[in-house]
Structures are given as structure tokens and as C-alpha cells.
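J.: First, the structure itself, so that you have it in front of you.
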Amino acid sequence: MSPVSSSTQPSGGSHGLHLQDACYNPGVARVLMVSSEAAPLAKTGGLADVVGSLPSALRSFGDEVAVLIPRYGSIELKGARRVYDKLAIYLGAVRYDASIYQAAEEYPVYLLDCPPLYDRKGFYGEAGLDYPDNHIRFAVFARAAFTVARSLFATEIFHCHDWQTGLVPAYLRTASAIDPTFLGVKTLFTIHNLGYQGLFPKSAVADVALDPGVFRPDGMEFYGRLSYLKGGIAFADFLNTVSPAYAREIQTPELGFGLDGALRARADVLTGILNGVDYREWNPETDPLIPANYSAGDLSGKQVCKRSLIEEFGLAPEAMGRPLIGIVSRFAHQKGADLIGEVAGQIVAEDTSLVALGTGDAEYEDMFRRVAAEFPGRVAVRIGFDNGLAHRIEAGADLFLMPSRYEPSGLNQIYSLRYGTVPVVRATGGLDDTIEEDTGFKFAEYSGQALLGAVRAAVGAFSDGEAWRRMMRLGMGKDFSWKASAAAYSALYGRLLGRA
Ligand code: ADP
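Written out as C-alpha cells, the structure reads:
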């Protein structure tokens, strides 16, 4: 193993190195974020937005942060420099040859390069099927985090995100526990979505050289399978999820996905910290991806955005006078697409138009295509992942629909507030935490009729232009920037290190 020497990075050593590090500051944490996504390099959803924007917010509190993600096929290495060459990672007797690159960012972003594992079309799978070796891919990834901590970025806290990183605390507290490098190192495990658990056959325990003792219900076993998510839940020093409401909900049988007991067992170290958003990227006053900029003080640009969106989606020109409903979503069971399918005709009958952007389960993609075909000129859908179009929908729509079955935090409703696009949401998780009666429309029961009731209320309100603009402006003035949330993370780091 050989770290490529670099004048700006420590080049090997042990935990003692941290304490002698010239930049060491006792009030400040050195945190390695380990994540399978980070915007803008790799994104399928909100996780990427969080890991892409939280580090710079933390830096303003003095914390020193680095990020590790896999180098997927879609990530260009141009501009990145190789900082660790010929890294051999062993899972049992099987060896994986990797190297680590550092992207040119304001803080270290490390890319684990191991082409046989990550240089593929998808992050987690293709054509709706998970890669069969995902357990190996994210075990090698977890091991690489230890190399980064040992040799590239003296780490005090591994901040791990979602099931893909559950093996970091699991390895740390079991097989690697004797490695003195990590004796005082802490782990924080953030659950962005309990619905994705990283479940593998029991044989994965041996494949990834885990301590067989973890395979028990109060460890990583989940009804006969190995759960990477439980690795995080059982072995991390502290847990959090991405909104206070979701932190409560996941401890109930209704939204606990079978893990509510495991989570309740760790309730003393489980908290909820609402996601912040990056207003440098999501701000109608400066957004370069929308046809016209606008602000709460001058909303005229929003009409330009609406007109342009109507044209882009090929809706009838009369849509300009109707409330235009926007949707940007992963098309998944979680997001409540079935409710939209159930009452789409009645929503349109309220004299609305609807545009949707999303990708995901074939069932929901087909449903949206069917509804669009049934109401040409009124409903239009784009299947795919298109960041520019996501911004144009936020800017051009009047209403934003998020009827989620559950929602850990949700970012789109927060973006919508800033874009003056009034959210209509189901009152669950982060949606309930962020939308108030005077900034949006909420419904409680998970049913098409309840959704329709909220849409009707919104359409009614839309007809009173002056009151509507007041509501838009109120939402636009809300501040969900990282400031408060990053302060909460920073305080949590301090607590973990016994400094708070
Ligand atoms: P989740 O993480 O559950 O998908 P969030 O609302 O927290 O939901 O975050 C979704 C993020 O992904 C937002 O930034 C949203 O704009 C983006 N997004 C989701 N689907 C698409 C898509 N099809 N095209 C572009 N961006 C998308």
C-alpha cells in the first residue's frame, strides 16, 4: 500500500498524528463523511444534496470535513489527482485493487477508484435490478474509509450515511476493533431513508469477512438476512435521521420497516436533524438554470418561467390561466404516485394542469405515461433524471405536489417554498415539519380523496390572486439554509468527542 505523497495531506501514521497535527483545534471536529452519493458528482436523490452541501456549512463552524464516495463510471477523473496508489483491499482472501483520487473541491473529496466494482452505468443497479455484488461493493468501500482515515485525512469521526456505509461502524466495533488507529474514533450514522436497508443473504457475512458474531437479531441479522443498515443502527456511537418527526416515526411499527424495535433500543442516542438546503443552488433570484430570475419583491419572472414550462411540456396555451401543478420525484412506492394515479382525472377536472418529472419503478412510470395520454394538453410527463428540468419545474409551477407515504426530510418541498411554488403535501416526516398552514396545504390520511381535498383547497386559494401571492411570499421568506442544521451536527460532533 502506498499513499502518494502530498505536501498538504498527512501521509500515513496513527491516531497520535491527529493530536500533533498543527491545524488541530480542540473545539473542532475532523470528520470524514462516508457516502455513496455527493452532489454534484453523483446524485440520485436528497442524500447527494445533503452530502454535497453540509460540508461547507460545517466549515463555517470550524469543523474540518472530507468526503469519500465511490468513483462511478459517470465521474470524470479529469482535474482529480491520485493521492493513494496501489491500494489492496482484502475481504478474506479476495483482493481488490483500488486507488484513491482527490477531486479539486474546497474541501477534500476522495473518490475510491476500483473499476471492476464501480465503473458501471448505475450506482446500485441497472434496469431496475440491484447489482448482485452490492454487498462486496460497499464492503470494499467501507474498508477504503479506514485507509483514508489512516493515511490521508486524520479522522476523529466517521459520519456515515445510509445502508451503503453501515459496515464502517460494524467493522470498526468488531474485527478492526484492535486497530489502535481507531481507538478514540467515533461514528455517527445518519439514516436518510429507512426503506432502503441493504439486505443480503447470510452468506454475505463470510463474503465480506465480517465477524460472524454480528449475525444475530440484536446485531445485523434481519429475519435470516444480513442488514447493512442494522450495522449502522447497532454499532454506531450515535444515530440521527433527517427530521425530528421522522426520528419519532421510525420508532413506531407503522413506519419502522421492522426496525422500530432496534431503533427504540437505541433511542437514547437517536435524534432528528432537519436537512438544510443549499440556497446557492436553489434560489430563483440567481438560478442560472431557469428562463427568468425573480424574487418575492418582483414575481414577474415567475410568469415567464411558467409560460416557458408550458411550452416545453407542450401543454395547451390555456394552461397559463390555470393553476399548474408540478411534480419532481423518484417514482417509488414511498412517494405516493399511486394516489396521483387514483385521482388524476379529478385533479384535472379542477381546471388544473400537471407536469411531472421522474424516474424509477416501471409501474409508476407507466402510470404517469397513461395519465398523460389520457389528458393530452393537460398532463405531461418526462421520464428521466434532469436537474435543469427539475429547476424549471420548481420555477414554473404554481403548486408542487408531494403526497408521500413517508418522507424522512424531503427537499423538493423546501425548494418549492423558495421558488414561490406552494407545496401540497401529506403531513408526514419532514413534510409535516417544514410546511405550515400559511405556507402550503397538508393532508393527513393516505388516500386519494384526502389528496384531492388538499388540491381543491389549494385551487380555491389560487383563485384569490392577492391572497395567493401573500402565501407565496411567506414561503419564499422561510429560511431552511444549513445554518441551523449544520450547527446541530457540529454540536453533535462535539458531544461525541466529549468536547461539548
Ligand atoms: P429523495 O431523496 O427521497 O429522492 P428529496 O426530496 O429529499 O427526495 O430529494 C430529491 C432530490 O432529487 C431533489 O434535489 C430533486 O430535485 C432531485 N430529483 C429527484 N428526481 C429527479 C429527477 N427525475 N430529475 C432531476 N432531479 C430529481
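Okay, so the sequence shown: first residue is 1215 according to my numbering, each after it adds one.
Ideal placement from N, C-alpha and C gives every residue a C-beta, glycine not left out.
1) Contact defined as beta carbons within less than 8 Å: I believe residue 1487 pairs with residue 1271. What is the distance between those atoms, to the nearest angstrom?
2) Pop quiz: residue 1657 and residue 1667 are said to be a contact at Cβ under 8 Å. What is the actual Cβ separation, rounded to whole angstroms?
3) Let's test the definition: count the other Cβ atoms within 10 Å of the Cβ of residue 1274 and tell me whether it reaches 16, buried, or not, exposed.
4) Quick one: residues in its chain with C-beta nearer than 6 Å to the C-beta of residue 1551, no 5 flanking neighbours on either side, listed in chain order?
5) Bridge partners for residue 1200 per DSSP, in chain order?
6) So what does DSSP say about residue 1631, is it helix, strand or coil?
7) Is residue 1451 near the ligand ADP, going by C-beta to nearest heavy atom under 8 Å?
8) Along the chain, where does the alpha helix (DSSP H) that runs through residue 1487 open and close?
9) Grab me the residues of residue 1255's own chain with a C-beta within less than 6 Å of its C-beta, minus the 5 sequence neighbours each way, in chain order.
10) Using 10 angstroms around the beta-carbon of residue 1713, count the other beta-carbons present and answer buried if the total reaches 16, otherwise exposed.
11) Using only the heavy atoms of the ligand ADP, determine whether one of them is closer than 8 Å to the beta carbon of residue 1543.
12) When you compare the CB positions of residue 1642 and residue 1621, do they come within less than 9 Å of one another, or not?
13) Quick check: the Cα distance between residue 1627 and residue 1510, rounded to an integer number of angstroms?
14) When DSSP labels each residue in this structure, what does residue 1423 get in the three-state scheme?
15) Which two residues bound the contiguous alpha helix (DSSP H) that contains residue 1580?
16) Who are the Cβ neighbours of residue 1237 in its own chain at under 6 Å, not counting the five residues just before and after it?
17) Does the CB of residue 1303 have a neighbour CB from chain C at under 9 Å?
18) For residue 1417, count neighbouring C-beta atoms within 10 Å of its own C-beta (all shown protein chains included) and say buried if the count is 16 or more, exposed if not.
19) By the 10 Å Cβ neighbour count, where 16 or more other Cβ atoms means buried, how is residue 1341 classified, buried or exposed?
20) Under 9 Å between the Cβ atoms of residue 1599 and residue 1573?
21) What number of angstroms, rounded off, separates the C-alpha of residue 1293 from the C-alpha of residue 1285?
22) With DSSP as the reference, please indicate the residues paired to residue 1324 in a beta bridge.
23) Is any heavy atom of the ligand ADP found at a distance shorter than 8 Å from the C-beta of residue 1627?
24) Are there 16 or more other CB atoms within 10 angstroms of the CB of residue 1710, so buried, or fewer, so exposed?
25) Tell me the residue span of the alpha helix (DSSP H) that contains residue 1619.
26) Under the DSSP definition of a beta bridge, which residues are partnered with residue 1543?
27) Look up residue 1240 in the DSSP assignment and say whether it is helix, strand or coil.
28) For residue 1422 and residue 1387, what's the separation of their Cα atoms in angstroms?
29) Let me know the secondary structure DSSP gives residue 1661 once reduced to three states.
30) Measure the beta-carbon distance from residue 1277 to residue 1704 and round it to whole angstroms, keeping in mind my assumption that it falls under 8 Å.
31) With DSSP run on the structure shown, which of helix, strand or coil describes residue 1701?
32) Are the region 1522-1540 and the region 1602-1612 touching by the rule of at least three beta carbon pairs closer than 8 Å?
33) Can you round the beta-carbon distance between residue 1489 and residue 1625 to whole angstroms, since I take them to be within the 8 Å contact cut?
34) With the cut-off set at 9 Å, would you say residue 1541 and residue 1571 are in Cβ contact?
35) For residue 1344 and residue 1415, I'd like the C-alpha separation in whole angstroms.
36) Helix, strand or coil: how does DSSP classify residue 1235 here?
T.: For this structure:
1) For the purposes of this step, residue 1487 is taken as the residue at position 273 of the sequence shown. For the purposes of this step, residue 1271 is taken as the residue at position 57 of the sequence shown. Under the criterion of beta carbons closer than 8 Å, residue 1487 and residue 1271 do not qualify as touching, at roughly 12 Å.
2) Here the question's residue 1657 lines up with position 443 in the sequence shown. Here the question's residue 1667 lines up with position 453 in the sequence shown. The beta-carbon distance between residue 1657 and residue 1667, rounded to whole angstroms, is 6 Å. This is short enough to meet the 8 Å contact definition.
3) Counting from one through the sequence shown, the residue named residue 1274 turns up at place 60. Result: exposed.
4) Locating residue 1551 in the sequence shown gives position 337, where the first residue counts as 1. Cβ within range, chain order: 1545 and 1578.
5) Any answer about residue 1200 is impossible in this case: the structure gives the chain only from 1215 up to 1714.
6) Within the sequence shown, numbered from 1, the residue matching residue 1631 stands at position 417. The answer is helix: DSSP assigns residue 1631 an H, G or I state.
7) Looking up residue 1451 in the sequence shown gives position 237. Residue 1451 Cβ: outside cutoff for every heavy atom of the ligand ADP.
8) Within the sequence shown, residue 1487 is the residue found at index 273, counting from 1. Careful: residue 1487 lies outside any alpha helix (DSSP H) and carries neither H nor E.
9) One-based indexing of the sequence shown puts residue 1255 at position 41. Within its own chain, the residues whose Cβ lies closer than 6 Å to the Cβ of residue 1255, once the five positions on either side in sequence are excluded, are 1289, listed in chain order.
10) The residue labelled residue 1713 in the question sits at position 499 within the sequence shown. So residue 1713 counts as exposed.
11) Mapped onto the sequence shown, residue 1543 falls at position 329. Checking the Cβ of residue 1543 against the ligand ADP gives yes.
12) Your numbering for residue 1642 matches position 428 in the sequence shown. Your numbering for residue 1621 matches position 407 in the sequence shown. Taking 9 Å as the Cβ cut-off, residue 1642 and residue 1621 qualify as a contacting pair.
13) Taking the first residue of the sequence shown as position 1, residue 1627 is located at position 413. Taking the first residue of the sequence shown as position 1, residue 1510 is located at position 296. Taking the straight line joining both Cα atoms gives about 17 Å.
14) As a position in the sequence shown, residue 1423 is number 209, starting the count at 1. Residue state, collapsed to three classes: coil.
15) Along the sequence shown, read from residue 1 onward, the residue named residue 1580 stands at position 366. First-last of the alpha helix (DSSP H) with residue 1580: 1576-1588.
16) The residue labelled residue 1237 in the question sits at position 23 within the sequence shown. For residue 1237, the predicted structure reports a pLDDT of 43, less than 50, and the residue's modelled location is therefore unreliable. The matter cannot be settled from this model.
17) Any reference to chain C falls outside this structure, which holds one protein chain only.
18) Taking the sequence shown and counting its residues from 1, the one referred to as residue 1417 is at position 203. By the neighbour-count rule (16 or more Cβ atoms within 10 Å), residue 1417 is not buried but exposed.
19) Taking the first residue of the sequence shown as 1, we reach residue 1341 at position 127. Exposed is the call here.
20) Translated into the one-based positions of the sequence shown, residue 1599 becomes position 385. Translated into the one-based positions of the sequence shown, residue 1573 becomes position 359. Contact flag set, yes.
21) The count along the sequence shown starts at 1 and reaches residue 1293 at position 79. The count along the sequence shown starts at 1 and reaches residue 1285 at position 71. Distance between the alpha carbons of residue 1293 and residue 1285 is about 14 Å.
22) The residue given as residue 1324 occupies position 110 in the sequence shown. In the DSSP assignment, residue 1324 is bridged to 1282 and 1316.
23) Taking the sequence shown and counting its residues from 1, one reaches residue 1627 at position 413. Yes; taking the cut-off as 8 Å, the Cβ of residue 1627 has a heavy atom of the ligand ADP nearer than that.
24) Against the sequence shown, residue 1710 aligns to sequence position 496. Residue 1710 sits buried, since 16 or more C-beta atoms from the chains shown fall within 10 Å of its C-beta.
25) Taking the sequence shown and counting its residues from 1, one reaches residue 1619 at position 405. Looking at the DSSP string, residue 1619 is not in any alpha helix (DSSP H), and its letter there is neither H nor E.
26) Along the sequence shown, one-based indexing puts residue 1543 at 329. DSSP output for residue 1543 lists 1572 as bridge partner(s).
27) Mapped onto the sequence shown, residue 1240 falls at position 26. Low per-residue confidence applies at residue 1240: pLDDT is 48, beneath 50, and the placement is therefore not dependable, though the value from the model is reported in the following sentence. In this structure, residue 1240 counts as coil in the three-state DSSP scheme.
28) Here the question's residue 1422 lines up with position 208 in the sequence shown. Here the question's residue 1387 lines up with position 173 in the sequence shown. Computed Cα separation, rounded: 15 Å.
29) Here residue 1661 refers to the residue found at position 447 of the sequence shown. Note: residue 1661 maps to coil in three-state DSSP.
30) Numbered from its first residue, the sequence shown carries residue 1277 at position 63. Numbered from its first residue, the sequence shown carries residue 1704 at position 490. Confirmed, Cβ separation roughly 6 Å.
31) Locating residue 1701 in the sequence shown gives position 487, where the first residue counts as 1. Three-state result, residue 1701: helix.
32) Below 8 Å, enough C-beta pairs join the region 1522-1540 and the region 1602-1612 to call them touching: three or more.
33) As a working note, residue 1489 is residue 275 in the sequence shown. As a working note, residue 1625 is residue 411 in the sequence shown. Yes, residue 1489 and residue 1625 are in contact; Cβ-Cβ is about 6 Å, under 8 Å.
34) One-based indexing of the sequence shown puts residue 1541 at position 327. One-based indexing of the sequence shown puts residue 1571 at position 357. The answer is yes: Cβ separation under 9 Å.
35) Here residue 1344 refers to the residue found at position 130 of the sequence shown. Here residue 1415 refers to the residue found at position 201 of the sequence shown. Each residue's Cα considered, the two are about 14 Å apart.
36) Here residue 1235 refers to the residue found at position 21 when the sequence shown is read from its first residue. Reliability of the predicted coordinates at residue 1235 is poor, the pLDDT of 38 falling under 50, and the value obtained from them is presented with this limitation in mind. Of the three classes helix, strand and coil, the one that applies to residue 1235 here is coil, per DSSP.
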